[in-house]
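Note sheet for the following structure.
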Amino acid sequence: MSLLATKAIVKPVVGVVIQSGVQSKTVKVLRTTQVLHRVVPKAIKKNIVYSVHDEKNSAKRGDKVEIVPTGRRISTNKTYALSRILN
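So in this note's numbering, the last one in the sequence shown is 635, and the numbering has no gaps at all.
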């Protein structure tokens, strides 16, 4: 059975690897989005860090990657798996 979700169509998340090689088969991916403040009309950057399962340990720090949610938890903090490396 594949680790990638197969039942529902999921939108992949694109982010940058900020940590690799510290934990086996795990990388940390930073996703930055801009949202508009509700009161003051100003754009705010939101940073989200995901713990991502990397089966082959192929992603390195600074790589732009695409991740997808798995159908289940891989560990306590990992719910995403590495789909492909973009750069």
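All C-beta atoms, glycine included, are put in the ideal place defined by N, C-alpha and C. Please read all numbers here as calculations on a predicted model, not as lab measurements.
On the DSSP bridge list, what partners appear for Val575? Taking the first residue of the sequence shown as 1, we reach residue 575 at position 27. Answer is Ser568 and Val600, bridged to Val575.
Sequence-distant residues of the same chain with beta carbon closer than 6 angstroms to Val597, five excluded per side: Working through the sequence shown from its first residue, we reach residue 597 at position 49. Lys576 and Leu578, listed in sequence order.
By a C-beta neighbour count over all protein chains shown, 10 Å radius and 16 as the cutoff for buried, is Val565 buried or exposed? The sequence position of residue 565 within the sequence shown is 17, counting from 1. The residue is buried, with at least 16 neighbouring Cβ atoms inside 10 Å.
Taking 7 angstroms as the limit between beta carbons, can you name the residues of its chain near Ala607, skipping five residues before and five after? Counting from 1 along the sequence shown, the entry for residue 607 is found at position 59. Val565, Ser568, Val575, Val613, Leu630 and Ile633.
Would you decide whether Ile592 is buried or exposed? Buried here means 16 or more other CB atoms lie within 10 Å of its CB. Here the question's residue 592 lines up with position 44 in the sequence shown. Answer is exposed; the Cβ neighbour count stays below 16.
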